[in-house]
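Structure, as structure tokens:
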Amino acid sequence: MPPSFVPAGGLLASLDLLQVSTAGSLLHLRLNRPAKRNALSDPLIQQLHTVFINLPEGVRAAVISGEGSHFCAGLDLSELVARDIHSGVLHSRMWHAAFDALQFGSVPVVAALHGAVVGGGLELAAACHIRVADSSTYYGLPEGQRGIFVGGGGSARIPRLVGVARMTDLMMTGRVFDAEQGQQVGLSQYLVPAGESLAKAIALAERIAGNAPMSNFAVMHALPRIADQSQSEGLFTESLMAAVAESTPEAQDRLRAFLEGRAGKVVKGS
Ligand code: 1HE
Numbered sequence: 000m001p002p003s004f005v006p007a008g009g010l011l012a013s014l015d016l017l018q019v020s021t022a023g024s025l026l027h028l029r030l031n032r033p034a035k036r037n038a039l040s041d042p043l044i045q046q047l048h049t050v051f052i053n054l055p056e057g058v059r060a061a062v063i064s065g066e067g068s069h070f071c072a073g074l075d076l077s078e079l080v081a082r083d084i085h086s087g088v089l090h091s092r093m094w095h096a097a098f099d100a101l102q103f104g105s106v107p108v109v110a111a112l113h114g115a116v117v118g119g120g121l122e123l124a125a126a127c128h129i130r131v132a133d134s135s136t137y138y139g140l141p142e143g144q145r146g147i148f149v150g151g152g153g154s155a156r157i158p159r160l161v162g163v164a165r166m167t168d169l170m171m172t173g174r175v176f177d178a179e180q181g182q183q184v185g186l187s188q189y190l191v192p193a194g195e196s197l198a199k200a201i202a203l204a205e206r207i208a209g210n211a212p213m214s215n216f217a218v219m220h221a222l223p224r225i226a227d228q229s230q231s232e233g234l235f236t237e238s239l240m241a242a243v244a245e246s247t248p249e250a251q252d253r254l255r256a257f258l259e260g261r262a263g264k265v266v267k268g269s
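The sequence shown begins at 0 in numbering that gives the first Met the number 0 and counts up one residue at a time.
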């Protein structure tokens with residue numbers, strides 16, 4: 000049975016551009032500016048940051064989705080006019096802080112995508128750990144056409160998903176990938192029928208929340224860093240991370256459970 004979410008309390012209840020709800024160890028965060036296609040204004044970015052540095056006790060995985068007909072239309076373009084160089088750099092750094100808090104925070108985040116996932120919306124999706132697209136999803140980086148550059152971490156994160164050549168194509172030619180193409184090139188890890196991405200994302204988040212927190216931490220924090228390191232440094236980091244993870248009491252319990260026949264086997268198609 001799907002978990003039933005209830006509105007989060009305290010600080011998270013005070014956020015007006017996000018709907019935050021929880022169900023046991025899951026948190027659901029919904030971008031809530033549908034009239035503006037969930038365009039990312041400064042207050043919305045700050046509220047995202049607030050959520051990821053104030054996750055309620057007991058939350059072990061999060062899902063992010065968008066209210067209305069699209070996941071996210073990217074940067075709120077009405078805020079961009081008449082920004083000077085210094086405030087431009089600070090603005091970009093504010094996005095970096097928020098999306099770093101998401102990517103390198105305390106819990107894995109699954110994005111449930113539909114409709115437009117464009118510009119800063121794709122940068123946000125790229126900061127998440129798992130992306131589930133539905134068949135209505137499409138991806139673009141219209142920055143090239145708007146006369147600007149990505150500023151929300153896209154140049155660092157998106158080539159790590161799809162390669163520099165594909166990101167160059169998206170930005171230079173204004174090419175738009177549909178849901179199938181996005182799945183083929185690695186923008187999404189899952190592709191489901193229209194209207195089903197949220198349910199799938201919640202189901203995946205439930206599975207993720209059942210992992211040992213240190214395993215999830217290792218995947219979130221060590222894996223991308225190892226990918227940035229030389230092979231020699233990466234192997235060394237891996238050994239340290241492996242030793243930390245396997246020495247936790249939870250790992251010991253899980254290993255013993257398998258050896259005593261109390262844990263599930265690896266099953267095809269799961
Ligand atoms: C917006 C924005 C926005 C919609 N900033 N207001 N992003 C873009 O270049 C994408 C721009 N948006 C679009 O291409 C389309 O809006 C969509 C394909 C996403 C959706 O189309 P549609 O037909 O469903 O909606 P709409 O009628 O275009 O928009 C509804 C309203 O949302 C309308 O405002 P209204 O007051 O006239 O009702 C739009 O102006 C408003 N709206 N998108 C502001 N993005 C850190 S650097 C990141 C750099 C970037 O992200 S650049 C890419 C920006």
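Glycine is no exception: its CB is placed at the ideal position from the N, C-alpha and C atoms.
When you compare only the Cα positions, how much space is there between residue i and residue j?
{"i": "P277", "j": "M170", "result": "The structure shown does not extend to residue 277, since the chain spans only 0 to 269, so no value can be given for it."}
{"i": "P6", "j": "E66", "result": "15 Å"}
{"i": "A81", "j": "L89", "result": "14 Å"}
{"i": "V191", "j": "R29", "result": "19 Å"}
{"i": "P248", "j": "I157", "result": "36 Å"}
{"i": "L26", "j": "S20", "result": "6 Å"}
{"i": "G173", "j": "A211", "result": "42 Å"}
{"i": "R130", "j": "G114", "result": "13 Å"}
{"i": "S196", "j": "A241", "result": "33 Å"}
{"i": "I147", "j": "R165", "result": "18 Å"}
{"i": "P2", "j": "G57", "result": "15 Å"}
{"i": "V161", "j": "V184", "result": "6 Å"}
{"i": "P223", "j": "I52", "result": "20 Å"}
{"i": "E122", "j": "V218", "result": "20 Å"}
{"i": "H220", "j": "A22", "result": "25 Å"}
{"i": "R261", "j": "R36", "result": "48 Å"}
{"i": "P33", "j": "S68", "result": "7 Å"}
{"i": "R145", "j": "D133", "result": "27 Å"}
{"i": "G8", "j": "D41", "result": "23 Å"}
{"i": "L203", "j": "V116", "result": "20 Å"}
{"i": "S64", "j": "A198", "result": "11 Å"}
{"i": "E205", "j": "V163", "result": "33 Å"}
Pick helix, strand or coil for residue i, following the three-state DSSP scheme.
{"i": "I147", "result": "coil"}
{"i": "G23", "result": "coil"}
{"i": "Q183", "result": "helix"}
{"i": "I52", "result": "coil"}
{"i": "S40", "result": "coil"}
{"i": "F103", "result": "coil"}
Compute the minimum distance between the beta carbon of residue i and the heavy atoms of the ligand 1HE, and state whether it is under 7 Å.
{"i": "D75", "result": "yes"}
{"i": "A38", "result": "yes"}
{"i": "E249", "result": "no"}
{"i": "V19", "result": "no"}
{"i": "A115", "result": "yes"}
{"i": "R280", "result": "Because the chain here runs from 0 to 269, residue 280 falls outside it and cannot be looked at."}
{"i": "R253", "result": "no"}
{"i": "V88", "result": "no"}
{"i": "P141", "result": "yes"}
{"i": "R278", "result": "With the chain covering 0 to 269 only, the question about residue 278 has no answer from this structure."}
{"i": "V149", "result": "yes"}
{"i": "K267", "result": "no"}
{"i": "E66", "result": "no"}
{"i": "G181", "result": "no"}
{"i": "S154", "result": "no"}
{"i": "H48", "result": "no"}
{"i": "S135", "result": "no"}
Are the beta-carbon atoms belonging to residue i and residue j less than 8 Å from one another?
{"i": "L54", "j": "L16", "result": "no"}
{"i": "D75", "j": "A100", "result": "no"}
{"i": "V109", "j": "A60", "result": "yes"}
{"i": "I225", "j": "N215", "result": "no"}
{"i": "A244", "j": "A250", "result": "yes"}
{"i": "L79", "j": "Y138", "result": "no"}
{"i": "G143", "j": "G73", "result": "no"}
{"i": "F70", "j": "L112", "result": "yes"}
{"i": "T136", "j": "G181", "result": "yes"}
{"i": "A200", "j": "V50", "result": "no"}
{"i": "A124", "j": "G152", "result": "no"}
{"i": "Q18", "j": "N31", "result": "yes"}
{"i": "T236", "j": "Q230", "result": "no"}
{"i": "G150", "j": "S105", "result": "no"}
{"i": "P107", "j": "H85", "result": "no"}
Are at least three pairs of beta-carbons, each pair with one atom in the stretch 95-111 and one in the stretch 12-20, less than 8 Å apart? no
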